[in-house]
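A.B. asks:
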Amino acid sequence: MEHIVFGIGITALAGALATVAGSAEDTESNIGSQGDPNSQVQLAPQMGFLHRIFNKAVAGEPPAYGLWCCLGAGLAWAFMAMQINPVLAIVLGAVLATFVQGVYATTAYVGRTASLAKFGQPVFVDILKSMTTVTMAHAFIAIFCTVTLCHLINTALGHPFPLPLLGLIWGIALGAAGSATGNPYYGKERQYQNQKFGAGVPISASGNIVRYAEAGERNSIDNGWFTAKIGGSASGICFGMIVFLELWRTVVFEAINPWYAIIVGVLMILIFTVIDRYIEVWGRKTYGPYTAPKEAEA
Amino acid sequence: MSAVAAKPAAGSAMNPGAMAVGIILTLILVGICYVMSPGVGLMALIGVIIGGILIGFGTHFVPVGGAPAAMGQAPGIATGVAMLATGAGVAGLFGGAWAAETLPATMDPMMQLIIVVCAGAVGGGLMMAITCMMVNFLYVFGMGIPPASGKVANDPITGDSQAEYKSQGTEGHGLPFVSFVGGVIGGTLGGAGGTLIYFELLVLYENALPGLMNVTAAQVMPIAVSAAGMFAVGLFLVNAVLTAYNITGTIEGPHDPKFKRWPRSIVASAVASALCGLVAVLIVMPLPI
C-alpha cells in the first residue's frame, strides 16, 4: 500500500512536470514558427508579404524534441554515471541539449530565410539575436521537465527502459501532443488574426499572414505571448493528461492485476470518446451551420 | 510517363506485379532466417513482421491534416502522419514494456504476450484519445469552429451532415467523430504492433545474449531491454514513414478514399520489417561457419 501511495505521488509530480513541459514546448515552437504553421511563414514572402517573424523549422516537432530530450537524458545519464548529483546532472544535460537547440535554431533561421532572398526577404540580425535566446529558454524548460519526469519514471517507478530511451520516447510524444494541439491556434488564430473568427482560413488567403502589431511590425515574441494563453495551456494539459493517466492506471492497477490496468485504460478511452462527442455536438449546436442544408442532399 | 500524363491515384490503384515481388522478398528473408536461426529467431522475425504490418495498417487510420489543418483549411490533426503515429505508438510501447517488466516469470508465455500487447495497444489508444479530444476542444472552445469533414457528406458513424458545417473556402476542419474513432483505432494498432516487436525481440535477446556474451541472465537484462527498445522505436519509424509515403500527405481517417491504399502499404511494411527484423535477429546469432 505504501508503495502505491508513493507511486501516486510520483505520478502526480510527473503529470505536473509534463504539463509545464507541454506548455513550454508549444510556446517555444510558436515563437520559432516550428510546427506546420511554418509553411505560411515560409510562403508569405513568396506572395509578396515580407515579415519579421522568426522561421526556424528544424524538423517536425516530434523528431526535434525526440532528439533534444534524448540528448538531455543521455547526457544527464552520463553525468549521473560520473557520480554527479541527479539534480545537477539533469540541469547540465538540459543546458547542453538547449545549446544544440540554439545551434539548430540559428542555422535553420539563417538558411531558410536566405533561401527567400530572391523574393526580397532580408535576414534580420536583431531578430536572430533576440528570438533565439527566447526559444532556447522555453526549450530548456521543456527539456528539463521531460528529462526530470523520465528520471522519476526510471528510478522511482522502476520502468525498465534506460534514461536516454525514455527521453527519446517521451520527447517524441511531447512533440506529437504539442504540435497536434497547439498548431491550429497559432496557425489560424494568430497568423490569420485578420480573418473572420469562427471559420477556417480560406485557401485563397494563404500567405497573407498578419505582419503588423499595435505599434510597428509584429515579431515572434508577440506570437508566443498570444498563443501561451490558450494554445500553450491546452498543449500542456494534453501532454500532462497523457503522462499522468498512463502512469496512474499502471501504478495503481498493474500491481493488483495486469488486466485491471488494461480495463481501466479502455474505460478512459470510452470516457474521452463521450467527452469528444459532447464537444462536437455542442460546437455544431452553438455555432450552427455556415450555410443552409441542401434539400436535394437531404 | 510524365507527371501530367499520370493517372490520379487517390483510390486503390494497385500494382500486382510489385506486390508479388514484395511478398516473394518477404518469404526469401523469412527463409534466410529459417536457415540461420530456426526456432526462437524465426519466431521473433515473424513477430516483428506482424508488428510492422499492424503499425503500417494502423497509421492509415490516424487523421492527419498537416499544414492545412493548422490553418483550419482541412480536417485532421495539424502534424505529420509519421510523427503522430510514432508519438502514439511509442506511448503504447512505454506501457507495454512496463507491463512486460512487472509480469511474473512463471506466467504462461502466450498469456504474457497477450497481456503485454493489450497493455501497449491501450497505451497508444489512450494517447490518441486524449490528443484527438484536445484538438476538438481547441477548435470548438478556442477558435469557435465546429468539426466538419471534407470527404463525406455524412459522418459514417453518427450520420451528422458535414457539408453545411464547412466554412467558406475550406476543405473542412477539426475532427468529426469518425476521424476521432479512426485516431483511437490507429493508436491502438500502432501501440500493439510496436509492443509486439519489442516483446518478441526481448524474449530472443534474453535467450541468446547470455550464451553469446558469457554472462548471467540477470546481467544481460539491461542490454536486452535497451536493444529491444531501440529496435522497436526504429522499426516504428520505418513503418510509419513508409505508410506516410503511401498516404502522400494528409488523410481524414477510415472514411477517406486514400484509406483504400492500405494493401500496398502492408506489403511494403512486411518487406521492410522482415529486412530490419532479420538484422535484429542475426546480431545475436553466431554464424554457422
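Protein sequences, first through last, are from chains A and B. Each residue of the first sequence is one higher than the one before, counting from 3 in this note's numbering. Each residue of the second sequence is one higher than the one before, counting from -6 in this note's numbering. We put the CB at the ideal spot given by N, CA and C, even for glycine.
Between the beta-carbon of G34 (chain B) and the beta-carbon of A210 (chain B), is there less than 9 Å?
C.D. replies: no
A.B. asks: Distance check for S258 (chain B) and M(-6) (chain B), CA to CA, integer angstroms please.
C.D. replies: With a pLDDT of only 46 at M(-6) (chain B), under the threshold of 50, the placement of this residue in the model should not be trusted, and no figure is reported.
A.B. asks: Buried or exposed: which applies to Y27 (chain B), given that a residue is buried once 16 or more other Cβ atoms fall within 10 Å of its Cβ?
C.D. replies: exposed
A.B. asks: Since E219 (chain A) sits in a beta bridge, which residues does DSSP pair it with?
C.D. replies: A:Y214
A.B. asks: Do you know how far the Cα of L165 (chain A) is from the Cα of H153 (chain A)?
C.D. replies: 6 Å
A.B. asks: Does the beta carbon of A263 (chain A) sit closer than 9 Å to a beta carbon anywhere in chain B?
C.D. replies: yes
A.B. asks: Fully enclosed by the stretch 5 to 43 of chain B, which alpha helix (DSSP H) runs are 4 residues long or longer?
C.D. replies: Counting whole runs of 4 or more residues, the stretch 5 to 43 of chain B contains the alpha helix (DSSP H) stretches 9 to 29.
A.B. asks: Can you give the Cα-Cα distance for I21 (chain B) and V41 (chain B), rounded to whole angstroms?
C.D. replies: Across the structure, I21 (chain B) and V41 (chain B) are spaced so that their CA atoms are roughly 15 Å apart.
A.B. asks: Taking P295 (chain A) as the reference, which of B:S262, B:K159 and B:V234 has the closest Cα?
C.D. replies: B:K159
A.B. asks: Which residues of chain B have a Cβ atom closer than 8 Å to the Cβ of M270 (chain A), listed in chain order?
C.D. replies: L119 and A122
A.B. asks: Which of helix, strand or coil does DSSP assign to H53 (chain B)?
C.D. replies: coil
A.B. asks: With 9 Å set as the bound, which would you pick, yes or no: does the beta-carbon of N129 (chain B) sit closer than that to a beta-carbon of chain A?
C.D. replies: yes
A.B. asks: Please return the same chain residues whose Cβ sits closer than 6 Å to the Cβ of L269 (chain A), not counting the five positions on each side in sequence.
C.D. replies: none
A.B. asks: Going by C-alpha to C-alpha distance, which of A:R286, A:V60, A:S25 and A:A158 sits closest to F8 (chain A)?
C.D. replies: Closest option to F8 (chain A), Cα to Cα, is A:A158.
A.B. asks: Excluding the 5 residues flanking A3 (chain B) on each side, which residues of the same chain have their C-beta closer than 7 Å to its C-beta?
C.D. replies: Its pLDDT being 49, under 50, A3 (chain B) is placed unreliably in this model, and the value from its coordinates should be taken loosely. Closer than 7 Å at Cβ, skipping near neighbours: P250 and K251.
A.B. asks: According to the neighbour-count rule (16 or more other Cβ atoms, all chains shown, within 10 Å of its Cβ), is M206 (chain B) buried or exposed?
C.D. replies: exposed
A.B. asks: For the stretch 16 to 31 of chain A, which residues have a CB atom closer than 7 Å to at least one CB atom of chain B, in sequence order?
C.D. replies: none
A.B. asks: Can you give me, in chain order, the residues of the stretch 33 to 46 of chain A that have a beta carbon less than 9 Å from any beta carbon in chain B?
C.D. replies: G37, D38, P39, N40, S41 and Q42
A.B. asks: Which same chain residues, not among the five before or five after V102 (chain A), have their C-beta less than 7 Å away from its C-beta?
C.D. replies: Around V102 (chain A): W70 and L73.
A.B. asks: In whole angstroms, what separates the C-alpha of V22 (chain A) from that of F228 (chain A)?
C.D. replies: Between the alpha carbons of V22 (chain A) and F228 (chain A) lies a distance of about 17 Å.
A.B. asks: Looking at the unbroken alpha helix (DSSP H) that takes in N288 (chain B), where does it start and where does it end?
C.D. replies: No answer is possible for residue 288 (chain B): the residues shown for chain B start at -6 and end at 282.
A.B. asks: Looking at the structure shown, is A59 (chain A) part of a helix, part of a strand, or coil, going by DSSP?
C.D. replies: Taken through DSSP and simplified to helix, strand or coil, A59 (chain A) comes out as coil.
A.B. asks: Please report the distance separating the alpha-carbon of Y106 (chain A) from that of K58 (chain A).
C.D. replies: 8 Å
A.B. asks: For K190 (chain A), report the span of its alpha helix (DSSP H) as first-last.
C.D. replies: From DSSP, K190 (chain A) is part of no alpha helix (DSSP H); its letter is neither H nor E.
A.B. asks: Below 7 Å between beta carbons is the criterion; list the residues of the stretch 182 to 211 of chain A that meet it against any residue of chain B, in chain order.
C.D. replies: Among the residues of the stretch 182 to 211 of chain A, those with a Cβ less than 7 Å away from any Cβ of chain B are A182, T183, N185, P186, Y187, G189, K190, E191, Y194, F199, G200, A201, G202, V203, P204, I205 and S206, in the order of the chain.
A.B. asks: Closest Cβ-Cβ distance between R114 (chain A) and chain B: below 9 Å?
C.D. replies: no
A.B. asks: Buried or exposed: which applies to N129 (chain B), given that a residue is buried once 16 or more other Cβ atoms fall within 10 Å of its Cβ?
C.D. replies: buried
A.B. asks: Determine, for G160 (chain A), whether the minimum Cβ-Cβ distance to residues of chain B falls below 9 Å.
C.D. replies: Taking Cβ atoms only, chain B reaches closer than 9 Å to G160 (chain A), which makes this a yes.
A.B. asks: With a threshold of 8 Å, establish whether the CB of V218 (chain B) neighbours any heavy atom of the ligand GDP.
C.D. replies: With respect to small molecules bound, the structure shown includes none, and the ligand GDP cannot be examined in it.
A.B. asks: Bridge partners for N147 (chain B) per DSSP, in chain order?
C.D. replies: B:S154
A.B. asks: For I12 (chain A), which beta-bridge partners are listed by DSSP?
C.D. replies: Looking at the DSSP assignment, I12 (chain A) forms no beta bridge with any residue, so it has no partner.
A.B. asks: Is the beta carbon of T236 (chain B) less than 9 Å from the beta carbon of V74 (chain B)?
C.D. replies: yes
A.B. asks: Indicate the three-state DSSP secondary structure (helix, strand or coil) for I244 (chain B) in the structure shown.
C.D. replies: strand
A.B. asks: Can you pull the chain A neighbours of T99 (chain B), defined as C-beta to C-beta under 9 Å?
C.D. replies: Neighbours of T99 (chain B) in chain A, taken as residues at a C-beta separation under 9 Å, are lacking, since the least C-beta distance is about 14 Å.
A.B. asks: Would you list, in chain order, the members of the stretch 275 to 292 of chain A that have their beta-carbon closer than 7 Å to a beta-carbon of chain B?
C.D. replies: Those would be T275, I277, D278, R279, I281, E282, W284, G285, R286, Y289, P291 and Y292, in chain order.
A.B. asks: Below 9 Å on C-beta distance, what does H166 (chain B) contact in chain A?
C.D. replies: P186, K190, A201 and G202
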